[in-house]
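Read through the structure below, which is laid out as structure tokens, and then see the notes.
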Amino acid sequence: MRPEAWLSLKNELGKRGMELKPEDEALASSRPDASITTNSELPGSEPASHAEPVITPGVDGWLALFVVLVALNVITLTYQTLAASVALSWTGVKYGLHDVILVIGLVLVYRRDPLAPTFWRGVLIVAAG
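Throughout the sequence shown, residue numbering follows the numbering used here, covering 7 to 135 in sequence.
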């Protein structure tokens with residue numbers, strides 16, 4: 007395996023809470039050697055003196071603020087939808103549709119769907135229009 011593929015494999019398995027067995031590492035390095043352990047950075051190589059930081063995807067920073075504000079907007083719109091439906095107003099339909107769109111967007115962000123940025127860009131463009 008190439009060093010980049012090896013690091014990618016170890017990072018992905020680490021994210022999933024799994025680890026490689028020494029036999030797996032020996033097989034990947036094409037040298038069945040009992041001295042290879044999972045503590046090494048790459049099979050058969052010296053550990054790196056400096057490791058690159060691993061950026062894990064998540065909801066933090068500006069994205070967290072955005073998600074909180076959208077969630078508050080969903081709560082407000084739900085209240086407005088219920089109030090408008092009690093008054094038998096067509097405004098309730100508009101609020102309800104807006105509410106559903108925001109919930110779909112939050113679900114996309116929660117699932118880390120690659121379409122989430124495109125979806126939100128479209129929602130914000132339509133809202134600005």
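Virtual Cβ for every residue (Gly too), placed ideally from N, Cα, C.
Run of the alpha helix (DSSP H) containing Leu114, from where it starts to where it stops
Translated into positions along the sequence shown, residue 114 becomes position 108. Run containing Leu114: 97–116, per the alpha helix (DSSP H) assignment.
For the alpha helix (DSSP H) containing Glu25, name the first residue and the last one.
On the sequence shown, position 19 is the one that residue 25 refers to. First-last for Glu25: undefined, no H or E at that position.
Can you grab the Cα-Cα spacing for the pair Val76 / Gly20, in whole Å?
Taking the sequence shown and counting its residues from 1, one reaches residue 76 at position 70. Taking the sequence shown and counting its residues from 1, one reaches residue 20 at position 14. So the two alpha carbons sit approximately 32 Å from each other.
Inter-residue spacing [alpha-carbon to alpha-carbon] between Ala90 and Trp96
Here the question's residue 90 lines up with position 84 in the sequence shown. Here the question's residue 96 lines up with position 90 in the sequence shown. Rounded to whole angstroms, Ala90 to Trp96 spans 7 Å at the Cα level.
Contact check, Asp105 vs Thr87, beta carbons under 8 Å
As a working note, residue 105 is residue 99 in the sequence shown. As a working note, residue 87 is residue 81 in the sequence shown. Yes, these two residues count as a Cβ contact at 8 Å.
Compare the Cα-Cα distances from Leu69 to each of Lys100, Leu114, Leu83 and report the closest residue.
In the sequence shown, residue 69 corresponds to position 63, counting from 1. If we check each option's Cα against that of Leu69, Leu114 comes out closest.
For Leu75, report the span of its alpha helix (DSSP H) as first-last.
Taking the first residue of the sequence shown as 1, we reach residue 75 at position 69. Residues 68–92.
Mind checking whether Leu83 and Leu108 have CB atoms under 8 Å apart?
For the purposes of this step, residue 83 is taken as the residue at position 77 of the sequence shown. For the purposes of this step, residue 108 is taken as the residue at position 102 of the sequence shown. Taking 8 Å as the Cβ cut-off, Leu83 and Leu108 qualify as a contacting pair.
Buried or exposed: which applies to Tyr116, given that a residue is buried once 16 or more other Cβ atoms fall within 10 Å of its Cβ?
Along the sequence shown, one-based indexing puts residue 116 at 110. Burial call: exposed.
Pairwise C-alpha distance: Val132 and Asn17:
Within the sequence shown, residue 17 is the residue found at index 11, counting from 1. Within the sequence shown, residue 132 is the residue found at index 126, counting from 1. So the alpha carbons of these two residues sit roughly 39 Å apart.
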